[in-house]
Amino acid sequence: MLLNSGTNSPVLIITGMHRSGTSLTAAFLQKIGIDLGDNLLKGNYWNPQGYFEDIDFVEFQRTILQACSQSDETGFPDWGWTESEQLDLQKLNTNIEPAKQLVKSRSNHSELWGWKDPRTSLMLDFWNQIIPNARYLFVYRYPWDVADSILRLNIPFFSQNPESCLRIWKFYNRHILEFYKRHDNQCLLVNLNTLLTSPGKVLELLKSKLNLPLKSPDSQELDIKNTLMSVYNPQMLSSLPLNHPLIQVLNLTSGGCFELLNQLDLVADLPSPFSSLSLPRNGGTLERLSLRLHQETIKVQLNPESPQFLSWLSSCIDRYHSTSHESALTDLRQARHKLAEFWLSAPPDKLQSSYSGRAGKAQKMLLASGMRDEPLTDVEQREVDELSLYVAKGFEAAEAIQYLLAAMLYQRADQLPLQYGRTAVPQWFFNDLLEFMLYFPSYFQEVGEVEKYCSYMQQLVDLVHSRVFSNPDSDIWQNVALIFADTVNFVPLYFSTKNLKDVYTKRSDILEFILKARGHQIDFSFDKRPANRGKIRLGILKASFAPISETFTTIPAFDHLDREKFEIILYVLNASDRPLDIYCQSRADKLVKLPQELHSQVEMIRADDLDILFVGSIVTNAAQNIILLALHRLARLQTTYFASPVTTGIRNIDYYISGTLTEPLQEAQSQYRERLVMLDGTGFCFNYSIQKAEASIKFERKSLRISETAVVFISGANTFKIIPELRETWAKIIAAVPNSVLVLYPFGNTWSGDYVKQPFINKMSAIFDKYSIDHTRLILLNTLANREDVKAVLQLADVYLDSYPYAGANSTVDPLEVGLPTVVRDGNNLRSRQGAALLRDIQLFDLITDSEESYINLSVALGINAQLRKQKRDEIQYKMLQQPRFLDSCAYSAALGSVFEKMLIVNRL
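Just so we're aligned, residue 4 is where the sequence shown starts under the working numbering, counting upward by one.
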């Protein structure tokens, strides 16, 4: 932000009650170029970034107010307050000449200068007669938050006289209100909470109302918000939730504060969002509220080794999972800090017993709560930075385990400078440490974090692979391999753009090692294929034929195969009498429910002497039973397809079936351990016609609080896919399209049946805050019951936004079926090209983008141009009526049948 030239050194005076955010306001305005002086009061624990107060002005005003206060009264004269609330104005006016000299010493140095000091609130008329053309920026904060902040300072006077906090708040703000009413043309009155959400409005008012020579902040709202956030410490300026008993007690006992707050809001240029109507109506009696206040005190005193701490922590986690209220997260942060302090002070000889007791249980509860997916506050980040310095010293350092236990509460292993040597890791902690190192995140925080995590996992897999195969007889490394298999989930790697062949190959090797160590026969030699076998014996292996997206892409693989050429056997781990199971069984020679034991499953499939086994379930996530089964040689040839969106890395899977429109034509094979076979087209197909349902709910824009004139962007991308880069992109689009909203239905049951939703909600809210987008423009839907519900919601939208770098396939067919203009971004591998492949198949090339910039530009163009949207909608509807190949089960089955026949010929079977 630059200042206009040619001004006559206008003065801006920033003031307000102490602990009201005036330091933040001053820091923000200094960042944009207002000169607050060179000799500023340094920061301390309570204001780490500084007070931004000119020491000469502070000392001048402090001395005057102390002299003008009633010396024989109780009070806090440093702030100009005593019991009578009377200042000696005659003494005040004897200081006019020194004040003029002080102003003169500053006024010739800058185009726009000023000072900040809360004490100025009590000397407004004094300064106005010295600088008649001065401009004033008054900041006021909620009285309860000011009182809370003052009491945390532990100043003896306020500790002994806590009620004085509110009396001084009223004293200062009465002075401000009276002066503002007489000189409103010279003043801005701004509430702190509103300043935090709308800093651009403050700058615009400084320019338009006070005529200060600031360049217009128009179209720079994001830069303005970023500038404010660079100096904002939410831990230092936290706000009590409205259901906090202190606020409700004050509402019953201190009406004067609420009345004055209301008067400030009535005249303020930017009033607070507070309304007494928003206070909970069931707060209760003063007696009940007093006891609730006592409960808040108990929280602080709880010992992590007490059953009460565990009970409180459990209730905090339950509230965090079930409500969006900020108080739940605040309590969890408090519990985490308390437990971290406990570990740091734990004696080495008591550490094991504490970890095996209630404190260790609390540790595991917090690690499983999902709160590590929340961003750290500035204060927490500083604590973690300090803990990391000790963690980096390795396990040989003194109190290494204590520091690591504390650090684990705040960050994942890939975010900490862990040393992998285990010589000093106690046995009682080793398994839990390994599980911590293998933990997979549900959500990522920062742009670039996905690639860092992927690099970390590659290094960790390299280490485990190397040590396991270098020490095959070691009980320790067999145990490591077993924990690796039980714990690690590779789903977060899908969101990386890296080639994952090496990491999946080594993962498969480790899983094989475990099975062999347990006596499983991985390899098997089949007899020569019988010469008189007329049909190709094809097995289809799936966990189940449950009505999920994976099933509707597996069915076309066998649904219309030539039964004169193929004998089809379906193998499932779980069977039922659902209509879909019955239909699948009708399209095969038989359906076999496999026994529970892995050894028996293997024997049963091998006994059928299959020519080809097609693995139709995903085998690239966690080490589920279906993956362990697929590691074995179960047929003469084994193949899979895009249900696993990356190479399986499995030695005994011979082929991966994909498509020419889905794979990058150059170096595609380099990403697969399997031999890559490419069908003409996408390489995958959907058959949703066999199970249709009615929509379970009628959706209307009105019911979702969306206006009929709004431009609705929508996406069904799962929460896991919505990584920081994508959140940024979508926020930029919504910010750029007026009257637009973003509707997400990200909690699909295909990915998970149990979501910890709050971190995702908080992240989406935070990115909307970053781009100054009102939260009402973000609509999050709960899990939709069926595909017809999805399509009913999509009918309300204007533009569908596909995810990247892990693109949609099943989720992208839905908007195409309702004719919704769909924006996709192309990538460098199958998982990032699925959405683009669908559009290539119906020749809608101009909806495919290749960068964030082009993705945003196309989305914005569609958002602001209704005619363009209609044109694309008409084109999609026309193309979809032609039955594209990715919806043609007959053609897909025929194509796969040809591939299966060629496989036998090529392998001379």
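Where is the CB? At the ideal position from N, CA and C, for every residue including glycine. Given the structure is predicted, the values throughout are model-derived calculations rather than measurements.
- With a contact defined as Cβ atoms closer than 8 angstroms, S124 and G19 qualify at about 6 angstroms.
- Cα atoms of S257 and L408: separation of roughly 44 angstroms, rounded to the nearest angstrom.
- If you compare the alpha carbons of L44, L249 and Y895 with that of L154, the shortest gap goes to L249.
- For T642 and Y659, the gap between their C-alpha atoms comes out near 6 angstroms.
- The DSSP assignment places 790 to 797, 813 to 820, 833 to 844 and 855 to 867 as complete runs of the alpha helix (DSSP H) inside the stretch 786 to 868, in order along the chain (cut-off: 4 residues).
- Counting only the Cα atoms, R790 lies some 28 angstroms from I571.
- Around the Cβ of F432, a 10 Å sphere holds 16 or more other Cβ atoms; the residue is buried.
- In this structure, H178 lies away from N131, with their beta-carbon atoms at least 8 angstroms apart.
- A638 and L613 do touch by the CB rule: their CB atoms are close to 4 angstroms apart, below 8 angstroms.
- Note that the C-beta distance between L105 and L15 is not below 8 angstroms.
- Its Cα nearest to that of L573, the residue V618 stands out among L192, V618 and S162.
- In this model, T380 and Y881 are separated by some 51 angstroms (Cα to Cα).
- In the structure shown, R540 falls within a strand segment according to DSSP collapsed to helix, strand and coil.
- About 5 angstroms separates the beta carbon of I726 from that of F498, a gap short enough to meet the 8 angstroms contact definition.
- Burial check for A371: the Cβ neighbour count within 10 Å stays below 16, so the residue is exposed.
- Counting along the chain, R566 sits inside no beta strand (DSSP E), nor does DSSP assign it H or E at all.
- In the structure shown, R872 adopts helical secondary structure according to DSSP, grouped into three states.
- In the displayed model, F750 falls within coil according to three-state DSSP, outside both helix and strand.
- Counting only unbroken stretches of 4 or more residues, the alpha helix (DSSP H) elements lying wholly within the stretch 8 to 42 are 25 to 34, in sequence order.
- In this structure, DSSP gives F141 an extended state, which the three-state scheme calls strand.
- Exclusion of the five residues before and after R708 leaves T779 and I782 as the residues of its chain whose Cβ lies within less than 8 angstroms of its Cβ.
- With contacts defined by Cβ atoms closer than 8 angstroms, F527 and R654 do not form a contacting pair.
- Secondary structure at T643: strand, using DSSP grouped into helix, strand and coil.
- V595: not part of any alpha helix (DSSP H); member of the beta strand (DSSP E) spanning K593 to K596, first to last residue.
- With a 10 Å radius around the Cβ and a threshold of 16 neighbouring Cβ atoms, I736 comes out buried.
- Cβ-Cβ distances below 6 angstroms link Y809 to Y497, F498, K724 and R834 in the same chain, with the five nearest sequence neighbours on each side left out; the list follows chain order.
- Taking the Cβ atoms as the reference, I879 lies roughly 11 angstroms from L841, outside the contact range of under 8 angstroms.
- Residue environment for L273: buried (at least 16 other C-beta atoms within 10 angstroms of its C-beta).
- As DSSP reads the structure, C190 sits in a beta bridge with Y139.
- Here E383 is not near N765, since their CB atoms are 8 angstroms or more apart.
- Pairwise C-beta distances place the stretch 662 to 677 out of contact with the stretch 516 to 523, as fewer than three of them are shorter than 8 angstroms.
- The three-state reading of DSSP puts S511 in helix, counting H, G and I together.
- In the DSSP assignment, Y658 is bridged to T642 and R678.
- The residues Q461 and V464, in chain order, have a CB closer than 6 angstroms to that of V506 in the same chain once the five nearest residues on each side in sequence are set aside.
- Our two residues, K875 and I867, have alpha carbons roughly 14 angstroms apart in a direct line.
- Between A331 and L369, the CB-CB gap reaches or exceeds 8 angstroms.
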